[in-house]
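Heads up: the sequence shown at position 161 corresponds to 167 in the numbering used here, and the numbers run straight through without jumps.
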Amino acid sequence: MAKKLNPTQFTKAVVRSFMVDSGLEPRYTSRDKCIHITMTLEPRSMLTLAQFRVLSAAEGRVDFELDIHKDHTNRLKTIHGGTIASLVDLGGSLAVASTGRFATGVSTDLNVTYLSPGGRVGDTLKGTAICEKIGKTLAFTQVTFTNSKGQLAARGSHTKYVAGTMGEAGPFVAPPEFSDVD
7 MAKKLNPTQF
17 TKAVVRSFMV
27 DSGLEPRYTS
37 RDKCIHITMT
47 LEPRSMLTLA
57 QFRVLSAAEG
67 RVDFELDIHK
77 DHTNRLKTIH
87 GGTIASLVDL
97 GGSLAVASTG
107 RFATGVSTDL
117 NVTYLSPGGR
127 VGDTLKGTAI
137 CEKIGKTLAF
147 TQVTFTNSKG
157 QLAARGSHTK
167 YVAGTMGEAG
177 PFVAPPEFSD
187 VD
């Protein structure tokens, strides 16, 4: 019988599945680490090696951070707006996951407002994603980012179509291959 996980464990399990099954999220790890993760399917190593980390999760809220690497930057050597937009998508999805849904639905709308530089290579960008409302078909999330100076760097909103995303096993139950997390 599958065990029920707490919100932080469950959200990390969802991140692990994204890293294995998605084309976008693995770019938040270095190429060598990504290949190692894909080839060995060692989910525990994945979270340790990832440049992206879930710090904590409670129902409807996820705190995370990204170590900024050259792959994440633009020609001005600051984090690229596209990287932040991708993190709005990922953060919003994880906020939905933190409500107990392993499947997080599909995006219907995404908006980003850039307020201050997010950081440079070597800096850490912190994010907080909140699921403001989840209904039968739509989830509405808000994601904010703080740079290493403590300034609000960006904020985004993300709407997801979530009909049919609650798994048969119920909330906070991940498939066995992803459920062994710290």
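Positions of the beta carbon are idealized from the N, C-alpha and C atoms, including for glycine.
Keep in mind that this is a model prediction, so the values were computed, not measured.
Specify the secondary structure class of R37 as computed by DSSP and reduced to three states. As a working mapping, residue 37 is identified with position 31 in the sequence shown. Confidence is the limiting factor: at R37 the pLDDT is only 43, short of 50, which leaves the residue's position unreliable and the question unanswerable from this model.
Same chain only: Cβ atoms within 6 Å of V112, ignoring 5 sequence neighbours per side
Counted from its first residue, the sequence shown places residue 112 at position 106. Once the five neighbours on either side are set aside, the close Cβ partners of V112 are Y167.
*Contact between the region 80-88 and the region 62-71: three or more CB pairs below 8 Å?*
no
To the nearest angstrom, report how far apart S23 and D129 are at their CA atoms.
The residue given as residue 23 occupies position 17 in the sequence shown. The residue given as residue 129 occupies position 123 in the sequence shown. Going from the Cα of S23 to the Cα of D129 covers about 26 Å.
* Asked: Under 8 Å between C-beta atoms, does V94 make it to chain B?
  -> Of the protein chains in the structure, only one exists, and it is not chain B.
Q) Does the distance from the CB of A135 to the CB of G98 come in under 8 Å? A) Stepping through the sequence shown from its first residue, residue 135 is reached at position 129. Stepping through the sequence shown from its first residue, residue 98 is reached at position 92. Result yes, Cβ atoms of A135 and G98 sit closer than 8 Å.
Exercise for review: Can you grab the Cα-Cα spacing for the pair R161 / A103, in whole Å?
Suggested key: Locating residue 161 in the sequence shown gives position 155, where the first residue counts as 1. Locating residue 103 in the sequence shown gives position 97, where the first residue counts as 1. Their Cα atoms are separated by approximately 19 Å.
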